[in-house]
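Numbering (our numbering), first residue to last: 93 to 194.
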Amino acid sequence: MYAVIKAGGKQYRVEEKSVLRVEKMDAAVGDSVPLGQVLLLGGESIQIGRPVLESATVTARVVRHGLGKKINGFTFKAKKNERRRYGHRQPFTEVIVDSIAG
């Protein structure tokens, strides 16, 4: 069985025991958390939400928190001697999907 969920403004296709990185969540390592809205449940029969399936839930366990790969940026304005370098590391939460109930 698999599900398509919406968490942190992005959509993910998840199965039980799958590991995924979602936007940072306020949960401690080891906590069990519900994952966003369930848009679709698949398996032997497919259930499609319009827009979401209210009765379906996906729960996951928080494995760790971290920072993603560094993104380096550079901006400049021509003929103005104006330059700026910046970097960014997006925080994430890594979770393991424990159960998909529908």
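All residues carry an ideal CB built from backbone N, CA and C; glycine is no exception.
- The three-state reading of DSSP puts K102 in strand, counting E and B together.
- With 16 or more other Cβ atoms inside 10 Å of its own Cβ, T185 counts as buried.
- Shown here, L131 sits in a strand according to DSSP, grouped into three states.
- When DSSP states are grouped into helix, strand and coil, I97 belongs to the strand group.
- Pairing D190 with A148, the inter-Cα distance amounts to about 14 Å.
- Distance from the CA atom of E146 to the CA atom of R113, rounded to whole angstroms, is 24 Å.
- Beta-bridge partners of S110 (DSSP): none assigned.
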